[in-house]
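Encoded as structure tokens, the structure appears first; notes follow it.
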Amino acid sequence: MSLMFVMVEFLALDTSLLFLLVKKQPFSWSDKTFGYFTLTRGVLFSLGMVICPLLLTLVHWLGKDSLMIVIGIAASAASFFMLAQAKTTVEIFLTSGFAIFCGGIPTGYRSFLPRMVPKEQTARLLTICSIIMAFCPMLSTLIFNSIYNATLEWWPGFAFFVGGLLQLFVVFGQGGVHMLMRPQWLEEKRL
Numbered sequence: 001m002s003l004m005f006v007m008v009e010f011l012a013l014d015t016s017l018l019f020l021l022v023k024k025q026p027f028s029w030s031d032k033t034f035g036y037f038t039l040t041r042g043v044l045f046s047l048g049m050v051i052c053p054l055l056l057t058l059v060h061w062l063g064k065d066s067l068m069i070v071i072g073i074a075a076s077a078a079s080f081f082m083l084a085q086a087k088t089t090v091e092i093f094l095t096s097g098f099a100i101f102c103g104g105i106p107t108g109y110r111s112f113l114p115r116m117v118p119k120e121q122t123a124r125l126l127t128i129c130s131i132i133m134a135f136c137p138m139l140s141t142l143i144f145n146s147i148y149n150a151t152l153e154w155w156p157g158f159a160f161f162v163g164g165l166l167q168l169f170v171v172f173g174q175g176g177v178h179m180l181m182r183p184q185w186l187e188e189k190r191l
């Protein structure tokens, strides 16, 4: 089930779609502006990959890696919903602030998923994750570019709204997995 959530999450992350949106009116970004945005978001995402796990070491919650995933994907969904409604460059740049929380997603999955399988299956699991990471961007481009082109006239950000809905599905799904795993984590904590 968690692998399906990984697939849906990576399916919703299409960076080329943002490029299409900001090149058109009312934004009309230059390549330089898009480069600054990408740099800002990339730096914040990288910081999040380090800061999120460090912050969670300060608390004694069960399923910290699962919580990192839920918080990161919720932040990503919020970012997508903001992008769907954005009318100014400032609004789009504000969405890059969510990237610091999104940095916890890959860290959380790399910690969470291997614990779901026996040790001898970890290599297979990570291979499947790599296949998903390679396959989903191609499929994502096909799906979301079609949605973008079909809705360009009446709501250019609609594809981001659909991406946000997909990510909300993952938030609720991973939240459900988190709740189901809680008794097992409590038992492990007692031992």
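Under full-length UniProt numbering, think of the first position of the sequence shown as 1, with each following residue one higher.
Cβ atoms here follow ideal geometry from the backbone N, Cα and C, with glycine treated the same way.
Note that the structure is a prediction, hence the values are computed from the model and not measured.
In the structure shown, Gly35 falls within a helical segment according to DSSP collapsed to helix, strand and coil. Under the Cβ criterion (8 Å, minimum of three pairs), the segment 7-21 counts as touching the segment 129-140. Counting only the Cα atoms, Ala86 lies some 20 Å from Gly42.
If one requires a minimum length of 4 residues, the alpha helix (DSSP H) runs lying completely within the segment 1-86 are 2-12, 15-23, 31-56 and 64-85, in chain order.
Exclusion of the five residues before and after Tyr109 leaves Val6 and Ile69 as the residues of its chain whose Cβ lies within less than 7 Å of its Cβ. Taking every protein chain shown into account, the CB of Thr57 has fewer than 16 other CB atoms within 10 angstroms, so this residue is exposed. Taking Lys64 as the centre and dropping the five residues before and after it, the same chain places the C-beta of Leu56 closer than 7 Å to its C-beta, in chain order.
In this structure the segment 87-105 does not lie against the segment 178-187, because fewer than three pairs of beta carbons, one per stretch, are closer than 8 Å. The beta carbon of Ala75 sits closer than 7 Å to those of Phe98, Phe101 and Cys102, all from its chain and outside the five residues before and after it, given in chain order. Counting only residues of its own chain and dropping the five nearest sequence neighbours on each side, Val117 has a CB closer than 7 Å to the CB of Leu125. Here Pro156 is near Lys24, since their CB atoms are less than 8 Å apart.
In terms of CA proximity to Arg115, Ser66 leads the group Asn145, Ala84 and Ser66.
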